[in-house]
Each structure stands twice: as structure tokens, then as C-alpha cells.
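Asker:
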Amino acid sequence: MTDDLPAIAADAKSRIAAAGNAAALEALRVELLGKKGRVTELMKTLGGLAPDERKARGAALNVLKDELSAALDARAGAVREAELDARLARETIDVTLPPRPLADGRIHPISQTIDELTAIFGEMGFSVAEGPDIEDDWYNFTALNIAAEHPSRQMMDTFYIKGLSKDGAPKVLRTHTSPVQIRTMMSVKPPIRVICPGRTYRSDHDATHSPNFHQVEGLVIDKAIHMGHLKGCLTDFCRAYFEVADLPLRFRPSHFPFTEPSAEVDIGCSRKGGELKLGNYGDWLEILGCGMVHPKVIANCGLDPEEWQGFAFGMGIERITMLKYGIPDLRTFYEADMRWLKHYGFLPLDVPSMTGGLAR
Ligand code: DAH
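Residue numbering for the sequence shown follows the numbering used here, starting at 4 and increasing by one per position.
See the structure below:
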């Protein structure tokens, strides 16, 4: 084997240039620069040389070592890139292929409705806010201006939970999504535009009531929001959601402790021949509650009601789902019956959007 450094360098470099993959390069690195490698072995011979010779030879060996190390690194980079290019060329995905047909699963109508209303309100500039299912009495009732003796605490058939919240009051399963209004006003600086879809609970069970159901709350807080905005917003929403362009809405005076004034909203319908049809037919169907947020509620959240005002609304998600998709019995939503889900459920590509059309 030669001791001629330029010859060793030339030979090593041509082998490095010819190495086609990472493993071959690693083997070369060991062979040349490893503990028992060629260059390392040559280094070990330095001790037997005269001082002058040792200095010159040592310097030359160091240069050789650096050169080979740099050549190995450069080649490793090039090999890595070539391997990546080859992999990219090999692993192509045809994005134009149709999706595989789905055997069984469907999107539950409640999830579909939440997606649809999120899309519609999203296009109006609302974002989604969430809160816990287990609520403090204060968020669920007190902050919403529902006094301790107020009949609505009974009206709502509350599930009380063992254990007390921080202020010593009971914990409850939230009876409505309205506590998310409170949490939002306490944590977000206005202007606020949120919807709050989620689970709600009441001790109630028959063909039109379930102990666990879903609501969506809406809240808009700004400096000059008025009833006109409330009416426009809910009119646009109902027409988009029910897909009836001239669907009439009727705002009927009502009472909620957390709004003043308050209204219940009816949509136009027909019940002729026992069949329910939505549209401008002269008959009315109640679908939601709403109003201007009570100044006391705004103050309870630490905001100045002289500066901020706005509207809120709440509606039952099962109810609007049953109306839109003609589902007759509330209880069937929770029976986990695949036959029902196959009939009323949705495919993942039934993507809801306000402009794309929401029909199946
Ligand atoms: N929280 C009410 C309920 O569960 C619904 C509701 C009515 C919510 C009026 C609101 C509102 O925000 O303004 O019956």
C-alpha cells in the first residue's frame, strides 16, 4: 500500500465521488478516517519520524484528513438530495382520484347542523366560543340575572352536581349555553361576535325533550349594536339555514331575565294536511329566544353598560335539525341505531357552506 499522500487523496476522492448511497459513504468514512482508518494509521507513524520530518508530514496529513472529511460531507449531502428526489418521483399521489365509497359511518345530523350553522355565522364574522358542561351556579344563573328565587331556576329542571364551586354555590350541568356568554364577556375585550354551540342538560324526558340536548348561543357586543342588527342577523341566518329565500320571521315580545327587551322568534310555515312546510304561508312556528343583553348582565361581566351593548340569542339544535331534515322524534337522535343514521346521516363530503348550497 502506498504512503504517497497525493496518491491516497486522489484514490479516496474518486471512490467518494463514486459512492452511490449513505451506507457506502459511511463505510468509506470508517475505512479512511475511522479509528483504524488509513489516515489514522498514517498519523500513528508520525512518532517514529525525526522532528522536522514529523512536522511537515503531520501538517500534510491534517490537510488530507480535512480534505477527505469535507469531500465525504459534500457527497453525503448530494446523495441525500438525490435520494429525496427519487422518493418524491416515486411516491406520487393522484389527487384527482374519487374518494373510496364509505361502507357504514355517517355524520350525525347534530354534528352536521353544528357545521352548517358555524359556516353560516362564520361568513357573518362570528367565531366559535366554548365553555364547560359542568358549570358554576354563578355562570349558569346568577351572572345571567337569574335571581336565587327566580322561577326559571325551577323551570329549567336543573341537574345539581355534588361538590361546591369556589363561591360555595352548587355546581350544575349547564341548563343552557348562555353561561358561555358570561365566560366570553369576562375574557374577551369587545367587540365580540361569537356563537357557542354545545351540550346542555335538563331533567326532562319525553318525545320533545331529552335530558341531554344541544343549543347554540349567539352574542354580539359592541358600542352601537341595536335590535335592527339582531333582526337582520337572525333573518339572514334562518333563510340560509332553512334554504327558504323569503322565509318570514316574526319577533314576538317575550321575557328572559338576561335580555331587555326580549323576543321570541317565529318562522313562517304551513301545517295544511298535517304536513309541515316552511315558508311564507301565514302560519307560524316558534324556533328561538333572543333580545338585547340586559345591562345588569353586561355589568356582571365587568363591562360598562354605558359603553357596551349588544344582542344575544339561543336556540335548540335538535329542534332546527328536526325541522330542516324532517326528523319526527327527538329520542331517535340518541339511540345509536345505524339504520337511522344511514337514513338521516351525512357523508363527509357534504360540506356545508353558505354559497355552495347546503342541500344533500
Ligand atoms: N337560554 C335560553 C333558554 O335556554 C335561550 C335564550 C333566550 C338565550 C334568549 C339567549 C336569549 O341568549 O337572548 O331557554
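C-beta: ideal position from N, C-alpha, C; glycine also.
Just so we're clear, the structure is a prediction, and the values are computed from it rather than from any experiment.
#1: How many angstroms separate the CA atom of Leu233 from the CA atom of Gly125?
#2: Classify Ala266: buried if its beta carbon has 16 or more other beta carbons within 10 angstroms, exposed otherwise.
#3: Our contact map puts Leu237 next to Ser181 with C-beta atoms below 8 Å; I'd like the distance itself, whole angstroms only.
#4: Between which residues of its own chain and Met325 is the CB-CB distance below 8 Å, once the five residues before and five after are set aside?
#5: Among residues of its own chain, excluding the 5 on either side of Gly360, which ones have a beta-carbon nearer than 6 Å to its beta-carbon?
#6: Tell me which same chain residues have a C-beta within less than 8 Å of the C-beta of Trp311, skipping the five on either side of it?
#7: Could you name the residues that DSSP lists as bridge partners for Arg196?
#8: With DSSP run on the structure shown, which of helix, strand or coil describes Phe336?
#9: Any idea what DSSP makes of Arg242, helix, strand or coil?
#10: Please classify His297 as buried or exposed, where buried requires at least 16 neighbouring CB atoms within 10 angstroms.
#11: With hydrogens ignored, establish whether the beta-carbon of Ala146 is closer than 6 Å to any heavy atom of the ligand DAH.
#12: Check the C-beta distance from Phe316 over to Leu291 and give it rounded, since I have them as a contact under 8 Å.
#13: Could you check where the alpha helix (DSSP H) with Tyr163 kicks off and where it finishes?
#14: DSSP state of Gly114, grouped into three classes?
#15: Relative to the ligand DAH, is the shortest distance from any of its heavy atoms to the C-beta of Thr262 smaller than 6 Å?
#16: For the ligand FAD, is there a heavy atom less than 6 Å away from the beta-carbon of Phe349?
Answerer: The short version:
#1: Linking Leu233 to Gly125 through their CA atoms gives a straight-line distance of about 16 Å.
#2: Result: buried.
#3: About 16 Å separates the beta carbons of Leu237 and Ser181, which is beyond the 8 Å limit, so they are not a contact pair.
#4: Here the set comprises Pro331 and Leu333.
#5: With a pLDDT of only 45 at Gly360, under the threshold of 50, the placement of this residue in the model should not be trusted; the figure read from the coordinates follows. So the list is empty, once near-sequence residues are dropped.
#6: Closer than 8 Å at Cβ, skipping near neighbours: Pro193, Ile224, Asp225, Lys226 and Ile301.
#7: Looking at the DSSP assignment, Arg196 forms a beta bridge with Val223.
#8: Three-state DSSP puts Phe336 in a helix.
#9: In the three-state reduction of the DSSP assignment, Arg242 falls in the helix class, which pools H, G and I.
#10: Classification of His297: buried, given that the 10 Å Cβ count is 16 or more.
#11: Of the heavy atoms belonging to the ligand DAH, none sits nearer than 6 Å to the Cβ of Ala146.
#12: So it is a contact: roughly 6 Å between Cβ atoms.
#13: Per DSSP, Tyr163 lies in no alpha helix (DSSP H); the unbroken beta strand (DSSP E) holding it starts and ends at Tyr163 to Leu167.
#14: Looking at the sequence provided, one finds Ser at residue 114 rather than Gly. The answer is helix: DSSP assigns Ser114 an H, G or I state.
#15: Checking every heavy atom of the ligand DAH against the Cβ of Thr262, one is found closer than 6 Å.
#16: With respect to the ligand FAD, the structure shown offers nothing to examine, as its ligands consist of the ligand DAH.
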